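Each protein sequence line maps, in turn, to chains A and B. For any residue, its number in my numbering is found by taking its place in the first sequence, counting from 1, and adding 215. For any residue, its number in my numbering is found by taking its place in the second sequence, counting from 1, and adding 1.
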Amino acid sequence: MVTSLGEQIRAHLPYQRRNAATAALLIFAMVLTLSAFAEVGLARDGKIPSGLFLYGGGLVVLAIIAFLVQSKFAPYADPLLLPLAVALNGLGLAMIYRLDLDTSKDRITAAQAGKKFLKDAADAPGQLMWTFVGIALFVAAVAIMRDTDKSDAKLSFTPKTAQRYTYLIGLSAIILLLLPVVPGIGSEINGARVWIHIGPFSVQPGEFAKLLLVVFFAGYLVNKRQAMSLIGKKVGPISLPRARDLGPILVIWFLCLGVLFMQKDLGTALLYFGLFVSMIYIATQRVSWVMIGVGLLAVGVFIATMLPFMGHVNQRIDIWRDPGPYFDGGCLVNEKVVPVNPNTDIYKQTKEALETRAAQYEAQGQAAKAKSTRLIEPGYYACTNQLKGDYSDSAQLMKGLFALGQGGVLGTGLGQGQPWRTPLSFSDFIFDSMGEELGLTGLMVILLVYALIVQRGMKTAVAARDPFLKLFAGGVSFVLALQVFVIVGGVTRMIPLTGLTTPFLSQGGSSLMANWILIAILVRMSHDARKPAPQAIQDEGMTQIVSTR
Amino acid sequence: MSEFTLTLIKLAFLAVLWLFVIAAVGVIRADLFGSKAAAKAAGRAAQPRASRPAKQPKQPRAPRAGGGGGGGGGPSKLVVVQGERAGTVIDLTGVPITIGRAGDATLVVTDDYASSRHARIYAQDGQWIVEDLGSTNGTYLGRTKVTRPMPIPPGVPVRIGKTVIELRK
Numbered sequence: 216m217v218t219s220l221g222e223q224i225r226a227h228l229p230y231q232r233r234n235a236a237t238a239a240l241l242i243f244a245m246v247l248t249l250s251a252f253a254e255v256g257l258a259r260d261g262k263i264p265s266g267l268f269l270y271g272g273g274l275v276v277l278a279i280i281a282f283l284v285q286s287k288f289a290p291y292a293d294p295l296l297l298p299l300a301v302a303l304n305g306l307g308l309a310m311i312y313r314l315d316l317d318t319s320k321d322r323i324t325a326a327q328a329g330k331k332f333l334k335d336a337a338d339a340p341g342q343l344m345w346t347f348v349g350i351a352l353f354v355a356a357v358a359i360m361r362d363t364d365k366s367d368a369k370l371s372f373t374p375k376t377a378q379r380y381t382y383l384i385g386l387s388a389i390i391l392l393l394l395p396v397v398p399g400i401g402s403e404i405n406g407a408r409v410w411i412h413i414g415p416f417s418v419q420p421g422e423f424a425k426l427l428l429v430v431f432f433a434g435y436l437v438n439k440r441q442a443m444s445l446i447g448k449k450v451g452p453i454s455l456p457r458a459r460d461l462g463p464i465l466v467i468w469f470l471c472l473g474v475l476f477m478q479k480d481l482g483t484a485l486l487y488f489g490l491f492v493s494m495i496y497i498a499t500q501r502v503s504w505v506m507i508g509v510g511l512l513a514v515g516v517f518i519a520t521m522l523p524f525m526g527h528v529n530q531r532i533d534i535w536r537d538p539g540p541y542f543d544g545g546c547l548v549n550e551k552v553v554p555v556n557p558n559t560d561i562y563k564q565t566k567e568a569l570e571t572r573a574a575q576y577e578a579q580g581q582a583a584k585a586k587s588t589r590l591i592e593p594g595y596y597a598c599t600n601q602l603k604g605d606y607s608d609s610a611q612l613m614k615g616l617f618a619l620g621q622g623g624v625l626g627t628g629l630g631q632g633q634p635w636r637t638p639l640s641f642s643d644f645i646f647d648s649m650g651e652e653l654g655l656t657g658l659m660v661i662l663l664v665y666a667l668i669v670q671r672g673m674k675t676a677v678a679a680r681d682p683f684l685k686l687f688a689g690g691v692s693f694v695l696a697l698q699v700f701v702i703v704g705g706v707t708r709m710i711p712l713t714g715l716t717t718p719f720l721s722q723g724g725s726s727l728m729a730n731w732i733l734i735a736i737l738v739r740m741s742h743d744a745r746k747p748a749p750q751a752i753q754d755e756g757m758t759q760i761v762s763t764r
Numbered sequence: 002m003s004e005f006t007l008t009l010i011k012l013a014f015l016a017v018l019w020l021f022v023i024a025a026v027g028v029i030r031a032d033l034f035g036s037k038a039a040a041k042a043a044g045r046a047a048q049p050r051a052s053r054p055a056k057q058p059k060q061p062r063a064p065r066a067g068g069g070g071g072g073g074g075g076p077s078k079l080v081v082v083q084g085e086r087a088g089t090v091i092d093l094t095g096v097p098i099t100i101g102r103a104g105d106a107t108l109v110v111t112d113d114y115a116s117s118r119h120a121r122i123y124a125q126d127g128q129w130i131v132e133d134l135g136s137t138n139g140t141y142l143g144r145t146k147v148t149r150p151m152p153i154p155p156g157v158p159v160r161i162g163k164t165v166i167e168l169r170k
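See below:
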């Protein structure tokens, strides 16, 4: 009987401070990052690259600061969250550095040849700067946020403070979501309107909106969960909710469809709606809500594919089913795909016609017009003007799949593949780039690291004492999981492709900032949940003196 | 750099990646079952906890190192070490023991701070578990409030109102 006793007792002991474990794992994460840089350099030039000291060193310093702040302000925090995030950020930085080496070489040759060079390119210094901003936000958030039991102190800000402003936060989330549609500040990049421009920076407000939406859903559901889970008519195996409880889910559904129509972004719509359904499930523990949600989503997507002006979404689905005909350019005319790739006659004719026109403009002295005419993609022009169809190009997806195939089980090794051949190999398609150079073996590690972050977040939700914080932590972890699923599923052709960022790996400031704030919130909440409860410092009596440390 | 060296570097890096994940899982495992360091820390923490009640007539036995990793079997009696019924000994036979002010409780305590049905101690899988039955003032295992059924380590006092009980061999 006694064999398992020791183990069992420890299982119920209160949580310990695990700063030593955090430090050890963090050192491991740094070793990981530095060896990734070293491998890139050794494979390419046979020596340790100079980037190791700047980028690797920079990340090490940032991680140490983050660790010190966490162990001071949140000593009982979950030991895994920070090291896992640093490891992902470091791997992403190494991959972006590696892609930057190639694309910058391309840029130099292009500049020497007098040609225009790539507009979108891997930018390792930029990514390091955003990592700095992201970790600075993490540090600030962990240091500023207080535990919930200290919320009565003046000017204190806890994760629970957000509950007071539930509807205000919901409103600002919707405003952030709709900003890219506003003409002037929003812009369409690669067929989706998810960007806004502030000065020299372009921001993806959706990344921040997702956090605000989690707060809104949590605040809303905390009040309504009892009504939603208890009241309802039983029809067969599922119990139908009251109309007034169903109202909000319909509003969110319409809103997501609105996002889908206006921003032409299926992935974002899927992300927000999935988040809402999952949070309803966490709040009410009723499967019927999930069934209603999935049903509504199916209806929404079906309607979206029926509508004529949703060409972009339709094509994404079409490409997902069969990307072949769209390679290097395909045109959807009357439900049929006409290839307009550079090998087709129509492409060659259009290219000639465009060239003639550019030459005419040049002869008339209109250099600007000539230049813009030369920049028109002939396939796109032929499709929209002559064939009157919807143009799309599956080359990116297919090249990503080729990269995965090239990588195989063990990968080519960092710095030894050709991942830059895929457009956006450093942002949307960084998972495929990783797949090419690290192989299935490496991809499994990346997915496991994501899974561990999500698991720690869910664990925090289980350990949290306050229902709002439970929903908050659960929602935040779920949104991360869903985002990874949507983008990784997209680039591996498991679901139709949509442009979402791969958390911590993709190049981009908005994504890094939002995700580091997400980790900061989880760290604060896990410290709150895991620290020992206030203890009686005297043994008896009605009025207990309690030390809140 | 030769092809062979590069392959070795590649495999070494993949190994490092996997070791990282394994180390992370190891930390979770330690969180669940306790690492050796955590067990030692718990042992240190249990000692002052057990000797805390000042008016206690007899010092409780120090907890066994390692949490009972072998011979000797489990506790055989329940001893009231503090409170109105101090000195009472109940033999542990495997039958659940209820504690409270109600007359039908196994151990009736006349204590203003105890509830009628305050707590229950029962055997499960060879261990004794204490469970709070929704009492007003709570049950404490050592200094931890009992919020869910918890196994009672030997030598750790269970406090119910003014009464402190302990499991002894």
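Here a beta-carbon is modelled for each residue, glycine too, at the ideal position from N, C-alpha and C. None of the values given here were measured: they were computed from a predicted structure.
Using a beta-carbon distance below 9 Å, is F646 (chain A) in contact with chain B?
-> The beta carbon of F646 (chain A) sits no closer than 9 Å to any beta carbon of chain B.
Residues of the segment 3-15 of chain B whose Cβ lies closer than 9 Å to any Cβ of chain A, in chain order | Listed in sequence order: T6, L7, T8, I10, K11, L12, A13, F14 and L15.
At a Cβ threshold of 9 Å, is A24 (chain B) touching chain A?
-> Chain A, which has a Cβ nearer than 9 Å to the Cβ of A24 (chain B), makes this yes.
Can at least three beta-carbon pairs, one atom from the segment 505-523 of chain A and one from the segment 478-495 of chain A, be found at a separation below 8 Å?
-> Output reads yes: the segment 478-495 of chain A touches the segment 505-523 of chain A.
Is the shortest distance between the beta-carbon of T627 (chain A) and the beta-carbons of chain D less than 9 Å?
-> The structure shown has no chain D; the protein chains it does contain are A and B.
Backbone CA spacing between T565 (chain A) and Y596 (chain A) [nearest angstrom] = The C-alpha of Y596 (chain A) is placed about 8 Å away from the C-alpha of T565 (chain A).
Reduced DSSP secondary structure (H/G/I, E/B, other) of V430 (chain A) | Here V430 (chain A) carries a helix assignment [DSSP, helix/strand/coil].
Going by DSSP, name the residue or residues bridged to T107 (chain B).
-> Answer is none; T107 (chain B) lacks a bridge partner.
Return the chain-ordered list of same chain residues with a C-beta closer than 8 Å to the C-beta of E651 (chain A), the five sequence neighbours on each side being excluded.
-> Here the set comprises A618, L619, Q621, G622, G626, T627, G632, Q633 and P634.
For G261 (chain A), decide whether its Cβ has a neighbour in chain B, counting only Cβ atoms nearer than 9 Å.
-> Interface residue (Cβ-Cβ distance to chain B less than 9 Å): G261 (chain A) is classified as such.
Would DSSP call K146 (chain B) helix, strand or coil?
-> Of the three classes helix, strand and coil, the one that applies to K146 (chain B) here is strand, per DSSP.
Does the segment 249-256 of chain A come close enough to the segment 307-316 of chain A that 3 or more CB-CB pairs lie under 8 Å?
-> By the Cβ rule, the segment 307-316 of chain A counts as touching the segment 249-256 of chain A, because three or more pairs are nearer than 8 Å.
Note down, in chain order, all residues in the segment 648-667 of chain A with a beta-carbon under 8 Å from any beta-carbon belonging to chain B.
-> Legend: CB atoms of the segment 648-667 of chain A lying less than 8 Å from CB atoms of chain B belong to residues L653, G654, T656, G657, V660, L663, V664 and L667.
Please check if any C-beta of chain A sits within less than 9 Å of the C-beta of V28 (chain B).
-> So, interface residue.
Starting from the beta carbon of L18 (chain B), find every residue of chain A whose beta carbon is closer than 7 Å, and list them in chain order.
-> Here the neighbours are L247, G657 and V660.
Reference A244 (chain A); option with closest CA among A:P554, A:L299 and A:G261 = With distances taken between CA atoms, A244 (chain A) lies nearest to A:L299 out of A:P554, A:L299 and A:G261.
Where the alpha helix (DSSP H) containing I518 (chain A) begins and where it ends = Looking at the DSSP string, the run of the alpha helix (DSSP H) that includes I518 (chain A) is V502 to M521.
Kindly indicate which residue of A:A573, A:L283, A:A574 and A:N529 has the alpha-carbon position closest to the one of V552 (chain A).
-> That would be A:N529, whose Cα lies nearest to the Cα of V552 (chain A).
Are the C-beta atoms of D92 (chain B) and some chain A residue less than 9 Å apart?
-> Contact of D92 (chain B) with chain A is not assigned, every C-beta pair being separated by 9 Å or more.
Given a threshold of 16 other Cβ atoms within 10 Å of its Cβ, counted over all protein chains shown, does M521 (chain A) qualify as buried or as exposed?
-> Taking every protein chain shown into account, the CB of M521 (chain A) has fewer than 16 other CB atoms within 10 angstroms, so this residue is exposed.
What does a CB cutoff of less than 7 Å around V275 (chain A) pick up in its chain, not counting 5 residues either side in sequence?
-> Shown here for V275 (chain A): same chain residues with a beta carbon closer than 7 Å to its own, the five before and five after excluded, namely M245 in chain order.
Taking the alpha carbon of S741 (chain A) as the point to measure from, which residue in A:D480, A:T373, A:L257 and A:N304 has its own alpha carbon closest?
-> Its Cα nearest to that of S741 (chain A), the residue A:T373 stands out among A:D480, A:T373, A:L257 and A:N304.
Contacts that F243 (chain A) makes with chain B (C-beta to C-beta distance below 7 Å) = What F243 (chain A) touches in chain B: F21 and A24.
Going by CA-CA distance only, name the one from A:D537, A:L658, A:T637 and A:D480 that's closest to G714 (chain A).
-> Measuring from the Cα of G714 (chain A), the nearest candidate turns out to be A:D480.
Best match in A:A356, A:K674, A:D533 and A:I534 for proximity to D32 (chain B) [C-alpha to C-alpha] | Of the listed residues, the one whose Cα sits closest to D32 (chain B) is A:K674.
Expressed to the nearest angstrom, what Euclidean distance is found between the alpha-carbon atoms of F719 (chain A) and N438 (chain A)?
-> If I take the Cα positions, the gap works out to 33 Å.
Could you pull out every residue in the same chain whose Cβ sits closer than 7 Å to the Cβ of A610 (chain A), ignoring the five residues on either side in sequence?
-> F542 and D543.
Does the distance from the C-beta atom of A236 (chain A) to that of V28 (chain B) stay below 9 Å?
-> In contact: A236 (chain A) and V28 (chain B) (Cβ atoms closer than 9 Å).
Considering only residues of the same chain and omitting the five flanking positions on each side of V430 (chain A), which have a CB-CB separation below 6 Å?
-> So the qualifying residues of the chain are A377 and I384.
Helix, strand or coil: which one does DSSP assign to H119 (chain B)?
-> DSSP places H119 (chain B) in the coil class of the three-state scheme, outside both helix and strand.
How big is the Cα-Cα spacing for R53 (chain B) and V96 (chain B)?
-> Because the pLDDT at R53 (chain B) is just 43, under 50, the model does not fix this residue reliably, and the value given afterwards should be weighed accordingly. Each residue's alpha carbon lies about 29 Å from the other.
In the DSSP assignment, what are the bridge partners of Q128 (chain B)?
-> Answer by DSSP bridge pairing, in chain order: B:Q125.
Segment limits, beta strand (DSSP E) that includes E167 (chain B) = In the DSSP assignment, E167 (chain B) falls within the beta strand (DSSP E) that extends over T164 to R169.
If we call anything under 9 Å between Cβ atoms a contact, is L392 (chain A) one with A351 (chain A)?
-> No; because the gap between Cβ atoms is not below 9 Å, this pair is not in contact.
Taking the Cβ atom as the reference point for each residue, do T111 (chain B) and R118 (chain B) lie within a distance shorter than 9 Å?
-> T111 (chain B) is not a Cβ neighbour of R118 (chain B), given a cutoff of 9 Å.
Please determine, among A:D315, A:V397 and A:P395, the residue with the shortest C-alpha to C-alpha distance to L639 (chain A).
-> Checked all of A:D315, A:V397 and A:P395; the closest Cα to L639 (chain A) is A:D315.
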